[in-house]
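Convert by adding 2 to the 1-based position in the sequence shown; the result is the number in our numbering.
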Amino acid sequence: MIARNVTTRMNRPVQKSLLFSPLTIRGFTSRNRIMVSPMCQYAAEHGLANDYHLVHLGRYALGGAGMVIAEATAVEECGRISRGDLGLWRDDQVEPMRKITAFLRRYGAVPGIQLGHAGRKASTQAPWHGNGPLTDADRARDDPPWPVVAPSAIPAGEGWQTPRELSEAEIGEIVVSYREAARRADEAGFEIIDFHGAHGYLLHSFLTPISNLRTDGYGGSLENRMRFPLQVVDAVRSVWPEGKAIFYRLSTLDGIEGGWALEDSAIFCRELLKRGVDVIDCSSGGAIADRSRDVRIRRGFGFHTPYSAYLRKETGGLVATVGLIVEGQQAEAILQAGEADIIAIGREFQDDPNWAHHAQAEIEGENFDAWHQESGWWLDKRAPLLRKLRDNGETPMDRYMPAK
Ligand SMILES: Cc1cc2nc3c(=O)[nH]c(=O)nc-3n(C[C@H](O)[C@H](O)[C@H](O)COP(=O)(O)O)c2cc1C
């Protein structure tokens, strides 16, 4: 089903899709339903954003994405996944981010940031240095390990550090760190906070019985295991402006015997929505370091859509889905089927930063109106010339092919 027909600036009729219909959440309107999924870049020093982050995120705004979410950003120094993560645990980390949010807004994207604490999966190597826990051997690269914390003293896997079990007072301090990081994210100009509540990091590690064996008010029953993440959400909502949105990325299921299940997610997400979370961002897995043991989660095209569809139906909230969504028609079909409200895309944007524009051409036909004018104006002028050459049967390789 196609939503409606409109006429563009260039008077070409265009079929409007759901994917490219605007979406309003609280005080902002996204130009489409496409979100760049948060992706760690391992490129920060001392948690500070730099030109690399501006270019990395900025190119997706130029490429037509509606919402661009900056990578997992640590609320405490010891909560970094790797030493190269962004951070918002100090006030001086705000300023370099302002340049990024201003650029994203100028080129039509809603700026968002993911806030996280890596818990027992902190202190890791960049993927290209092994993607495992930092060890003494990493000192040679000036990247020594640091102590990690968790709900219980259980390592994430073989060879991983045994974390120190957090005291109740320390849990309270981390709640304050989240609140302070949110205040800084507001000052930096972000309009969306996407909690990193997935992939075995601290918030997730409290939820799942795989890593939470506590016997106090933060462990045991589902209600107790949800307590810390919900306290974090309440603290952040208390300082995050009414007009700005909160997304919560969770692992909708662990995919491991005895772990967090989809039905638990439905109960948890209802609590999130009551507390002012606007979008449930559906991912999965990661409760333990060895992802090959997430046996029940098969990674095919659009692999989280069954889970986002379930939570959308069960909770009535807005949901985002992610995972091997690579074509415009596929994204549109997911929305049309009611399996999600927002399409999040990671690696496909790395492959093609103009993915949103290309998806729009795929679904609605070629039209450079939506491009930033510095490129769109030229591409629009070039398009009829390319068409004419192709209609004449000419190809770019003609001059270099042996004469027949
Ligand atoms: C380089 C890279 C970094 C990532 N970093 C994060 C992150 O910071 N936070 C997060 O929630 N997911 C992270 N992910 C997962 C992606 O956001 C996304 O959920 C996953 O790649 C599946 O989507 P895709 O198939 O569109 O890439 C990362 C993925 C990649 C490839």
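Just so you know, even glycine gets a beta-carbon here, dropped at the ideal spot from N, CA and C.
query	result
Among 56, 291, 85, 78, nearest to residue 107 - alpha-carbon criterion	56
Residue 284 - DSSP class collapsed to helix/strand/coil	strand
Among 207, 145, 198, the one whose alpha carbon lies nearest that of residue 168	207
Contiguous beta strand (DSSP E) assignments of at least 3 residues, all confined to the stretch 291-358	320-323, 344-347
Cβ-Cβ distance between residue 294 and residue 253 below 8 Å	no
Three-state class that DSSP yields for residue 114 in the structure shown	strand
Sub-8 Å separation of residue 308 and residue 260 beta-carbons	no
Residues near residue 29 in its chain [Cβ-Cβ closer than 6 Å; skip 5 each side]	245
Residue 331 classed as buried or exposed, judged by whether at least 16 other C-beta atoms fall within 10 angstroms	exposed
Straight-line Cα distance separating residue 120 from residue 136	14 Å
Cβ separation of residue 81 and residue 33, assumed to be a contact under 8 Å, to the nearest whole Å	Not quite, the Cβ-Cβ distance comes to about 33 Å (not below 8 Å), so this is no contact.
Proximity test, residue 206 beta-carbon vs ligand 1 heavy atom, cut-off 7 Å	no
Integer-rounded CB distance, given that residue 344 should sit under 8 Å from residue 35	5 Å
Buried versus exposed call for residue 7 [16 or more other C-beta atoms within 10 Å across all chains shown]	Confidence in residue 7 is poor, its pLDDT being 44 and thus under 50, which makes the residue's placement too unreliable to answer from.
Nearest residue (CA-CA) to residue 247, options 128, 114, 139	114
Burial state of residue 400, where buried means 16 or more other Cβ atoms lie within 10 Å	exposed
Residue range of the beta strand (DSSP E) that includes residue 206	Not the beta strand (DSSP E): residue 206 falls in the alpha helix (DSSP H), residues 204-209.
Closer than 7 Å: residue 201 CB and nearest ligand 1 heavy atom	yes
As assigned by DSSP and simplified to three states, the class of residue 27	strand
Residue 147 beta carbon near ligand 2 (any heavy atom closer than 7 Å)	Because ligand 2 does not appear in the structure shown, any question about it cannot be addressed here, the ligands present being ligand 1.
6 Å Cβ shell around residue 31 - same chain, five flanking residues per side excluded	24
Buried versus exposed call for residue 383 [16 or more other C-beta atoms within 10 Å across all chains shown]	exposed
Minimum C-alpha distance to residue 251 - residue among 242, 243, 270	270
Cα-Cα separation, residue 99 to residue 391	45 Å
Which residues DSSP lists as bridging residue 213, in chain order	DSSP lists no partner for residue 213.
Entirely enclosed beta strand (DSSP E) segments - the stretch 30-105, minimum 3 residues	30-32, 36-38, 69-76
Supposed close pair residue 161, residue 134 - CB separation, criterion 8 Å	7 Å
Length of the line joining the Cα atoms of residue 5 and residue 338	For residue 5, the predicted model reports a pLDDT of 41, less than 50, meaning its position is unreliable and no value from the coordinates is stated.
Three CB pairs or more closer than 8 Å across the stretch 367-387 and the stretch 74-88	no
Residue from 364, 111, 354, 199 with nearest C-alpha to residue 18	364
Reduced DSSP secondary structure (H/G/I, E/B, other) of residue 374	coil
Opposing strand residues paired with residue 250 [DSSP bridges]	197, 282
Local Cβ density within 10 Å of residue 228, reported as buried at 16 or more and exposed below that	buried
Buried/exposed call for residue 144, threshold 16 Cβ in 10 Å	exposed
Distance, residue 39 Cα to residue 303 Cα	16 Å
Proximal residues to residue 190 (C-beta, below 7 Å), its chain only, five neighbours per side dropped	96, 99, 100, 103
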